[in-house]
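As given, the protein sequences belong to chains A and B, one line each in that order.
Throughout the first sequence, residue numbering follows my numbering, covering 59 to 269 in sequence.
Throughout the second sequence, residue numbering follows my numbering, covering 236 to 553 in sequence.
Ideal Cβ placement from N, Cα and C applies to all residues, glycine included.
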Amino acid sequence: MELSRRDLFSRCVALGVVKLGAGLTVATAFDSWLRAETVPRPATPIDQLGPFYKRGTPESPGHSAVLRAQGDPGLQLAVAGTVYNTRGEVLPGAKIDVWQTNHQGRYDITGYRYRAMLRAGMKGEYDFQSVVPGHYPARKCQHIHFLVQAEGHKPLVTQMYFASDPIFKGDPAKNMNDDCPSVELVRPILLSDQATTMGANATFELVLESQ
Amino acid sequence: MRKVLTALAWLVSFVLANASCAQTVKPMVKLDASGEMYFAVVCGDGESVAGVDRVNDIHLWNLATGGHRLFKVGLDAQVDPGALACDQRTIAVGSVQGMVTLLDYDGKVRQRVGLKEEVTGLALSRGGSKLAVSTANSPVQLWDVASGSRDWSGTTSFANTYGARISPDGKSVFAADGDTYVRAYDISGKLVYAAEGDLLEPFDVSVSADGKTLAVAGAEGNVELRDSATGKVLKKSTSCGNPIFLVIISPKVLTVLALILDESTLHPAGIGYWNANDTELKQLTVDPKTVVGMGTDAKGLLLIRQDSPAKLSVERVE
């Protein structure tokens, strides 16, 4: 069984390889240690909720979800990231709603295709499998919607964009447009090197502000 | 032969049934326009029409005389449809850059208030003392027009308010919120109820002249009538299959107009008409691209259409 960092720290204290100064408990010492290691992070920029947010998306078990069905057309996409607060602490159990169009730019209005609700894992991690969303006339940029909620924090409503989107002409920093509020939301993609199963991979960290 | 007669009888009854609830659009007044309107609204009880043109100038027409005034107020950016409101004395307009401008009927700017977000909707109270403001990322806000200060902000679980209205008696504010709830506040900002809506977002709410009934519509493509005191759904129309961006209820409650958008382009795709004695949300036989606004007067529902770059028409829907 893999020990958590907290368990390992407790064991080190018990074995005497870590000694606590006067006035420190195991809990306060561990929390202080973690705080010293965390890096403050800027909050993820907010973006518009909708239209086409849908309440009641079924919750996926764990921190992973699969939005695409077998045989769905479109370039396969894997998105992964971590949920933090602005102090840089991970937020296990954060509730993450994601929704997007299919590869043709159509939202599922009647059902929950290309929609998922998952919970960040113990290290704040999440991931989902999907396809790169299509363009549609009302929006210039390909995008995925996120709604992230964690106790004690302001809900984060945002969207992730793709640096590979032709709208950015290969340089999002220079070619931003009014459909995307911040270049920080534009994520590079990494194409996997297997020609037969090629897919795009992207990371998207989600940073919530305290309430 | 018997089959033919039966079919004929069915056809006649079908035509009569539909004719009996058919609606007509009758020209009421033609207005001279010096520019192409982007969006227009009916002011007060139908005395005036205000509009924003494509270069962000404000127009005001007196419907009784046809008199027209043009106000160049230096709006800083484009105006969202919905971010224009007026009563008998005041015009309020909000920009995508977050500037709310309040001007009187002489075109004199009385207040400019800078918000940090795109203004997506405005609604004035009767008499123009209060202004409900919807923005792209926050719950509804209520502003005091005279002082230009914010009285309060509403709350949602996580979302912005799309459309908000103040009740005719000035005692309540109703909000169609992106978290799919319809919320009612008293005028001091106390939440009265949060009524669960459909699964998709509601985009607009309209209050009947007696203040007792709300019409709510949104991404589901149907229109609901709700009891304004409780938020409880009273009646619901069929869905048109596309999102409804704006809704307006007639003073007589039983009829509703709805601006239907194409779900892919979000451009106008139709004008819905619902007689709440029925369930079917019908579409008027007008070109939605010509419709620049909707509203009411004491008698009922009105459409504002751009006939040509130089002409607007106000039409009554019966």
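Per-residue burial, residue i [other beta carbons within 10 Å of its own, 16 or more giving buried]
i, result
"S268 of chain A", "exposed"
"L305 of chain B", "exposed"
"V75 of chain A", "exposed"
"C199 of chain A", "buried"
"N395 of chain B", "buried"
"S62 of chain A", "exposed"
"C70 of chain A", "exposed"
"L537 of chain B", "buried"
"V287 of chain B", "buried"
"Q541 of chain B", "buried"
"V344 of chain B", "exposed"
"N235 of chain A", "exposed"
"A127 of chain A", "exposed"
"R289 of chain B", "exposed"
"D315 of chain B", "buried"
"R93 of chain A", "exposed"
"C256 of chain B", "Any answer about C256 of chain B is weak, because its pLDDT of 46 lies below 50 and its placement is not dependable; what the coordinates show is given next. Burial call: exposed."
"L516 of chain B", "buried"
"H203 of chain A", "buried"
"W284 of chain A", "What is shown of chain A runs 59 to 269, which leaves residue 284 of chain A out entirely."
"S543 of chain B", "exposed"
"A493 of chain B", "buried"
"P191 of chain A", "buried"
"L529 of chain B", "Checking the sequence, you will find Met at residue 529 of chain B rather than Leu. Buried, because 16 or more other Cβ atoms sit within 10 Å of the Cβ of M529 of chain B."
"L249 of chain A", "exposed"
Chain B residues whose Cβ lies nearer than 9 Å to that of residue i
i, result
"V215 of chain A", "N372, F393, A394, N395, G413"
Neighbouring residues, chain B, relative to residue i (Cβ below 8 Å)
i, result
"I202 of chain A", "The premise fails here: I202 of chain A is roughly 17 Å from chain B at the closest Cβ pair, so nothing lies under 8 Å."
"L205 of chain A", "F393"
"I286 of chain A", "Past the boundaries of the shown model lies residue 286 of chain A; chain A is included only from 59 to 269, so the question cannot be answered."
"G114 of chain A", "L434"
"I33 of chain A", "Absent from the structure is residue 33 of chain A, since the part of chain A shown begins at 59 and ends at 269."
Proximal chain A residues relative to residue i, where beta-carbon distance stays under 7 Å
i, result
"A436 of chain B", "A small fix is needed here, since residue 436 of chain B is Glu in this sequence, not Ala. In chain order: G108, P109, Y111."
"G478 of chain B", "It is Pro, not Gly, that sits at residue 478 of chain B in the sequence shown. The answer, in chain order, is P109."
Closer than 8 Å at the beta carbon, the chain A residues around residue i
i, result
"S499 of chain B", "G163, R164, Y194, P195, A196"
"A452 of chain B", "Within chain A, no residue comes near A452 of chain B; the closest Cβ sits about 12 Å away, beyond 8 Å."
Beta-carbon proximity of residue i to residue j, cut-off 9 Å
i, j, result
"Y194 of chain A", "T500 of chain B", "yes"
"V408 of chain B", "L357 of chain B", "no"
"T490 of chain B", "A511 of chain B", "yes"
"R177 of chain A", "Y184 of chain A", "yes"
"V260 of chain B", "E550 of chain B", "yes"
"G349 of chain B", "M334 of chain B", "yes"
"Y420 of chain B", "V375 of chain B", "yes"
"G146 of chain A", "T96 of chain A", "yes"
"L359 of chain B", "A327 of chain B", "yes"
"A399 of chain B", "S369 of chain B", "yes"
"L366 of chain B", "A320 of chain B", "yes"
"N372 of chain B", "Q252 of chain A", "no"
"L120 of chain A", "P150 of chain A", "In the sequence on display, residue 120 of chain A carries Gly and not Leu. Not closer than 9 Å, so no."
"V482 of chain B", "A450 of chain B", "yes"
"D386 of chain B", "A411 of chain B", "no"
"K213 of chain B", "G535 of chain B", "Outside the shown range of chain B (236 to 553) lies residue 213 of chain B, about which nothing can therefore be said."
"A464 of chain B", "D280 of chain B", "no"
"Q187 of chain A", "S122 of chain A", "yes"
"P503 of chain B", "P478 of chain B", "no"
"P12 of chain A", "L264 of chain A", "Residue 12 of chain A falls outside the range modelled here, since chain A spans only 59 to 269, and no answer is possible."
Interface residues of chain B facing residue i [CB-CB closer than 7 Å]
i, result
"G179 of chain A", "Here the premise fails: no neighbours, minimum Cβ distance about 22 Å."
"I154 of chain A", "Chain B residues near I154 of chain A: none, gap ~12 Å exceeds 7 Å."
"I247 of chain A", "None at all; the shortest Cβ gap to chain B is about 25 Å."
Original post:
If we count Cβ pairs, one from each stretch, closer than 8 Å, do we get three or more for the segment 455 to 464 of chain B versus the segment 505 to 524 of chain B?
Top reply: yes
Subject >> 3 or more residues per run - each beta strand (DSSP E) lying fully within the segment 114 to 186 of chain A >> reply: 122 to 124, 134 to 143, 153 to 157, 173 to 177
Subject >> Sufficient close CB pairs (3 or more, under 8 Å) joining the segment 439 to 448 of chain B to the segment 421 to 430 of chain B >> reply: no
Subject >> Sufficient close CB pairs (3 or more, under 8 Å) joining the segment 129 to 137 of chain A to the segment 152 to 168 of chain A >> reply: yes
Subject >> Any beta strand (DSSP E) of 3 or more consecutive residues that is wholly inside the segment 425 to 498 of chain B >> reply: 426 to 431, 437 to 442, 448 to 453, 458 to 462, 468 to 471, 479 to 484, 490 to 496
Original post:
Can at least three beta-carbon pairs, one atom from the segment 204 to 218 of chain A and one from the segment 387 to 405 of chain B, be found at a separation below 8 Å?
Top reply: yes
Subject >> Minimum length 3: unbroken beta strand (DSSP E) runs contained in the segment 331 to 394 of chain B >> reply: 334 to 339, 344 to 349, 354 to 359, 365 to 370, 376 to 379, 384 to 388
Original post:
Do the segment 244 to 263 of chain A and the segment 106 to 115 of chain A meet, that is, are 3 or more Cβ pairs less than 8 Å apart?
Top reply: no
**OP:** Within the segment 278 to 333 of chain B, note down every full beta strand (DSSP E) run reaching 3 residues or more, in order along the chain.
**Re:** 283 to 288, 293 to 297, 303 to 306, 319 to 321, 325 to 329
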